[in-house]
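Counting in our numbering, the sequence shown runs from 816 upward without gaps. Note that CB positions come from ideal geometry on N, CA and C, so glycine has one too. Comments concern the structure below.
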Amino acid sequence: MQLSAEIFTPGELKRIAAAVYQHCGINLHEGKQELIQARLTKLLRRSSFASLSDYLDHALANPDSDEFSELIDSLSTNLTSFFRESDHFDYLARAFLPQLLARRRAAGSNCIRGWSAASSTGEEPYSIAMTVQHALEAAGGTWDALILATDISTRVLKIAREGSYDPQRVEPVPPQFKTKYLAKARGPHPFVQVVPKIRSMVRFAHLNLLEPWPFVGPIDFIFCRNVMIYFDKPTQQKLITRLWEILGPGGMLFTGHSESLTGIAHKFRYVQPTIYQKT
Ligand SMILES: C[S@@+](CC[C@H](N)C(=O)[O-])C[C@H]1O[C@@H](n2cnc3c(N)ncnc32)[C@H](O)[C@@H]1O
């Protein structure tokens, strides 16, 4: 189907923005209209629907359809990288994990639970898993460590589960982790794959953060980074309250570097910028 940007009427743009906001909290305010037009025009060119209104009628009435999933995907950004915002991983390795492992040992438990709440293509949960595995090896003993990794986009989850990346993408991985936790992927391409030990520590699942969560806490630490920026304040407020509830006592919350909790009512202890603790 050949579509040009002019066929997006203000009514259609409003309809798309309202459905996206209602379904996943992404706030496509008026300034985002060009983005909607550009990204949806591309998407619609590839679709088999006869008109834009047919496409919207189908996608917006069926939030579980592939079309709706593609629509959300094309309007959100999945930008991520290994060890992005590296001070979070430093804090995890140097301050939090040694204390957590000592506490668990003293309590006769070996269970460690982390959550990457908007995991995108997997670089974040794998960076967490490498950091945790390194700490477990240093501590010795047998541990039951699991990193839950969720995202609303089925497309990014597919890439994440594969755990294979272009060599350029793994450049930020610290050298001592590269040798232990990355290997050449099978096949003719020059891809690098996260080793099975690290991959098996990460459980990927589809989850819309605005909907009920099909798991219970307590979780030891949550990375909820660079997703709240797309939500408005009331949506952020609800999410922060739910994240606090699912964390265990002493649990940590890491937010993206442009996502402070300023203006949000919460009970977290401020540790350092974008790092918070449930006390
Ligand atoms: C910019 S990426 C952030 C990735 C990673 N956390 C990081 O900081 O590098 C934002 C991710 O949030 C996901 N997302 C957007 N809305 C969501 C929602 N309502 N529930 C779950 N994930 C969502 C997108 O699919 C995207 O993969």
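Cβ distance (whole Å) where residue i is taken to contact residue j below 8 Å
| i | j | result |
| --- | --- | --- |
| Pro1033 | Leu1062 | 6 Å |
| Val1017 | Ile962 | 5 Å |
| Phe897 | Arg984 | 7 Å |
| Ser1037 | Ser1073 | Looking at the sequence itself, residue 1037 is Ile, so the reference to Ser does not match. Incorrect: roughly 18 Å between the Cβ atoms, too far for contact. |
| Gly1078 | Thr1089 | Not really, about 15 Å apart at Cβ, beyond 8 Å. |
| Ile1068 | Cys1039 | Looking at the sequence shown, residue 1068 is not Ile but Leu. Indeed they touch by this definition, with Cβ atoms about 7 Å apart. |
| Asp966 | Ser935 | 6 Å |
| Asp1035 | Gly1002 | Going by Cβ atoms, the distance from Asp1035 to Gly1002 rounds to 36 Å, so no, they are not a contact pair. |
| His949 | Ala908 | 7 Å |
8 Å Cβ cutoff, residue i in contact with chain D
| i | result |
| --- | --- |
| Pro987 | The question asks about chain D, but that chain is absent: this structure has only one protein chain. |
Through-space distance from residue j to residue i, alpha-carbon basis
| i | j | result |
| --- | --- | --- |
| Ala876 | Gly923 | 51 Å |
| Leu890 | Phe904 | 29 Å |
| Gln817 | Lys857 | Low confidence applies here, because Gln817 scores a pLDDT of 46, under 50, leaving its location unreliable and the question unanswered by this model. |
| Pro990 | Val1042 | 29 Å |
| Phe1006 | Ser979 | 6 Å |
| Tyr1085 | Ser866 | 51 Å |
| Asn925 | Lys993 | 26 Å |
| Arg861 | Ser880 | 16 Å |
| Leu843 | Tyr870 | 19 Å |
| Glu827 | Asp872 | 11 Å |
| Ala874 | Glu1026 | 19 Å |
| Pro1049 | Ala832 | 17 Å |
| Glu821 | Ser863 | Residue placement at Glu821 is flagged as unreliable, the pLDDT there being 48, under the threshold of 50; the coordinate-derived value follows with that caveat. So the alpha carbons of these two residues sit roughly 19 Å apart. |
| Asp959 | Gly846 | 47 Å |
| Ser819 | Asn1023 | With a pLDDT of 45 at Ser819, under the threshold of 50, the predicted position of this residue should be treated as unreliable, and no value is reported. |
| Leu1058 | Phe1083 | 10 Å |
| Pro1064 | Val835 | 34 Å |
| Leu912 | Cys839 | 32 Å |
| Arg928 | Phe1019 | 14 Å |
| Gln837 | His1081 | 24 Å |
| Gln848 | Thr957 | 53 Å |
| Ala944 | Leu886 | 31 Å |
| Glu1060 | Pro987 | 33 Å |
| Ser901 | Val1031 | 28 Å |
| Arg854 | Pro982 | 28 Å |
| Thr892 | Arg899 | 15 Å |
| Pro825 | Leu894 | 28 Å |
| Gln1092 | Arg1014 | 27 Å |
| His1004 | Arg830 | 43 Å |
| Ser868 | Phe1046 | 26 Å |
| Ile851 | Lys1012 | 40 Å |
| Ala933 | Arg920 | 30 Å |
| Gln1087 | Thr1094 | 15 Å |
| Ser968 | Thr946 | 25 Å |
| Phe823 | Gln1008 | 42 Å |
| Ser931 | Leu859 | 31 Å |
| His1021 | Pro878 | 14 Å |
Counterpart residues of residue i in DSSP-defined beta bridges
| i | result |
| --- | --- |
| Leu951 | Partner(s): none; Leu951 has no beta bridge. |
| Lys1048 | For Lys1048, which the question treats as bridged, DSSP gives no partner whatsoever. |
| His903 | For His903, which the question treats as bridged, DSSP gives no partner whatsoever. |
| Arg1084 | Gln1092 |
| Ala998 | Gln1008 |
| Cys839 | For Cys839, which the question treats as bridged, DSSP gives no partner whatsoever. |
| Phe1069 | Phe1038 and Ile1090 |
| Trp930 | Leu963 and Ile1037 |
| Phe1019 | Ala964 |
| Leu1062 | Ile1034 |
| Ser979 | Gln1008 |
beta-carbon residue i near ligand 3 non-hydrogen atom, thresh 7 Å
| i | result |
| --- | --- |
| Thr1089 | Ligand 3 is absent from the structure shown, which contains only ligand 1. |
TODO: Decide if the region 946-965 is in contact with the region 916-929; the criterion is three or more beta carbon pairs, one per stretch, under 8 Å apart.
DONE: yes
Open item on the list: Is it the case that the region 975-986 contacts the region 922-940, given that we only count it when at least three CB pairs across the two stretches are under 8 Å?
Closed with: yes
TODO: Take every Cβ of the region 987-1001, pair it with every Cβ of the region 1049-1065, and state whether three or more of those distances are shorter than 8 Å.
DONE: no
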